[in-house]
Every structure is written in structure tokens, then in C-alpha cells.
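In this note's numbering, the protein residues as written are 303 to 529.
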Amino acid sequence: MQAEIDIQSETQPASHPAIYDADLSRSRKSAPLDIARLQRLVLAGFMGAGKSTVGRMLADRLGWEFLDLDAFIEARTGLTVPQIFATHGEAHFRQLESQALASALGRRNMVLALGGGAPEVLTNRLLLEQTPATATIFLDAPFSTLFDRCMLQALNAPAARADAPTQPAQLRPLLADPDVAEARFRARRPVYRRLARLVVDTSALTTAEAVDGILHALRARDSSIRS
Ligand code: S3P
Numbered sequence: 303m304q305a306e307i308d309i310q311s312e313t314q315p316a317s318h319p320a321i322y323d324a325d326l327s328r329s330r331k332s333a334p335l336d337i338a339r340l341q342r343l344v345l346a347g348f349m350g351a352g353k354s355t356v357g358r359m360l361a362d363r364l365g366w367e368f369l370d371l372d373a374f375i376e377a378r379t380g381l382t383v384p385q386i387f388a389t390h391g392e393a394h395f396r397q398l399e400s401q402a403l404a405s406a407l408g409r410r411n412m413v414l415a416l417g418g419g420a421p422e423v424l425t426n427r428l429l430l431e432q433t434p435a436t437a438t439i440f441l442d443a444p445f446s447t448l449f450d451r452c453m454l455q456a457l458n459a460p461a462a463r464a465d466a467p468t469q470p471a472q473l474r475p476l477l478a479d480p481d482v483a484e485a486r487f488r489a490r491r492p493v494y495r496r497l498a499r500l501v502v503d504t505s506a507l508t509t510a511e512a513v514d515g516i517l518h519a520l521r522a523r524d525s526s527i528r529s
């Protein structure tokens, strides 16, 4: 199993215009990040951004563990995310999410897919920014693309399980009202950008292209991020 990102081992493909640095001018980002010694890559972005799909393939390529924060919460509570929302409400879900995130960040050599709302919570942002050897990547796309992807995921869900949700809102409670969901998207986008080292516009990328691009960008930025 590969423990570190080996920045020397592969030839570097041309950089992809869909993958770029987040705003590095902010002072908190002036601290050097030693890419070669990274132990955690965290994927942030709105619902439908591809955090789990990209995260799984990225972890596979690195020989790292993949952890989906929603699935981790479900395993810890024995409830599905929609059940937690329906029974206990969003505020309680956010508490469980923060506890799960703190626990997850104790792991090493891990790609972690956040739930779309995790970066909204200050505690979570502080956890992500202050955990050493950890870099967050923002998977971006226009709201219409993200919403369509969520619809498709919900439509495809029944094939796997007879009792699986058939409506996007059953799978993701916060999609019940598209206008409210879009307002959340607009409010969250700058938060994702501030948290991230790297932004990936996934709208025109396959999963494999996004993963290749992320690996290339991390290797290429090993020296540039320090300057
Ligand atoms: C949420 C996103 C979901 C899940 C919950 C709340 C959000 O995760 O955590 O339904 O607030 O955006 P995904 O982004 O993985 O769908």
C-alpha cells in the first residue's frame, strides 16, 4: 500500500483548465502544505458534485482508504441520513456530522467525501483547516448540472433495492424544494472555495479525468504552493 503521494513517480500530463488553485491570497493559506506528505484528501462540494465517485477512484489510485462521511454517520447511528432528518431534524444531523468528521480526521491515508452541507458549519471548517497534512478539494459544477445528476441518481436507485427512494428528496431531504436548494448552493459556493486548495470544475469531466487532473495538480503544486 502506498503511504504517501509519490510526486516523482509518474510523468506529468498537461494541466487541465478545469482544475485550478483556489484563492491562495488569503493569509491562512500562506502556510506551506507539504503535498508529498499529505495524509488526507477531503472532497467538498454540493450534492451531485461527484464527491463519492471521484473519492472512491482517487483513493483507489493512491492505495488509500475511502470514507464517505454520510455512510460513516449512517454506520455510527444505524439510521439513514433521510431517517435522521425526518426523525431528529437538520440541526441534530449537523451535530452528528461534526462528531463523525472529528472522528474521521483521526485516520491517515484517507480520501474523505464530505456531505454537501458539512463546510457550512464553522466547527467543521476549523477541523478541516487545522488538521495537519490535510487538503480540501472543491468539486464544482453549475447548479442545473448538479440537480440533474441528483435526479438521475434517484431514478437509478430503485434498480439496486426494491424499497429504495424514488424521489431525489427521499434520497436527499434538502432537494425537496429546488429554489431553496439553489439558494443554498449560491450561499455555499464561496464557502467551498475559501476552504479548498484546489477547485475542479467537474461539469465537462469524466470521473477518471477528474481523478487524473487532481493527481496531476497535486504533484505540480508541490513546489508552487510553498512559494
Ligand atoms: C446534504 C448533503 C448530503 C447529506 C445530507 C445533507 C447537504 O450529502 O449529507 O442530505 O446539506 O447538502 P451529499 O452531498 O453527499 O449528497
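Each residue gets a CB set at the ideal place from its N, CA and C atoms; glycine is no exception.
Quantities reported herein were computed from a predicted structural model and do not represent experimental measurements.
The beta carbon of Thr436 lies closer than 6 angstroms to those of Arg342 in the same chain, with the five residues before and after it left out. In the displayed model, Asp503 falls within a strand according to three-state DSSP. Under the three-state reduction of DSSP, Asp479 is assigned to coil, being neither helix nor strand. At least one heavy atom of the ligand S3P lies closer than 7 angstroms to the C-beta of Asp372. Per the coordinates, the alpha-carbon of Ala522 lies some 25 angstroms from the alpha-carbon of Arg427.
In this structure Pro421 does not touch Ala361 by the C-beta definition: roughly 20 angstroms separates them, more than the 8 angstroms allowed. Distances from the CB of Pro492 to the heavy atoms of the ligand S3P are all 7 angstroms or more. By the neighbour-count criterion, in which a residue is buried when 16 or more other Cβ atoms sit within 10 angstroms of its Cβ, Asp370 is buried. If only uninterrupted beta strand (DSSP E) runs of at least 3 residues are considered, those enclosed by the region 368-441 are 412-415. Taking every protein chain shown into account, the CB of Ala483 has 16 or more other CB atoms within 10 angstroms, so this residue is buried. Ile337 has its alpha-carbon roughly 18 angstroms from the corresponding atom of Gly408. Taking C-beta atoms under 8 angstroms as the contact rule, Met349 and Leu497 fail to qualify, at a distance of about 17 angstroms. In the DSSP annotation of this structure, the continuous segment of the alpha helix (DSSP H) that includes Asp362 starts and ends at Lys353 to Leu364. In chain order, Leu345, Lys353, Ser354, Gly357 and Asp370 place their CB closer than 6 angstroms to the CB of Ala415, counting only its own chain and leaving out the 5 sequence neighbours on each side. Counting along the chain, the unbroken beta strand (DSSP E) around Ala346 starts and ends at Arg342 to Ala346.
Shortest gap from the CB of Gly352 to any heavy atom of the ligand S3P: 7 angstroms or more.
By DSSP's assignment, Tyr494 forms no beta bridge with any residue. Assignment of Asp323 by DSSP, reduced to helix, strand and coil, places it in the strand class.
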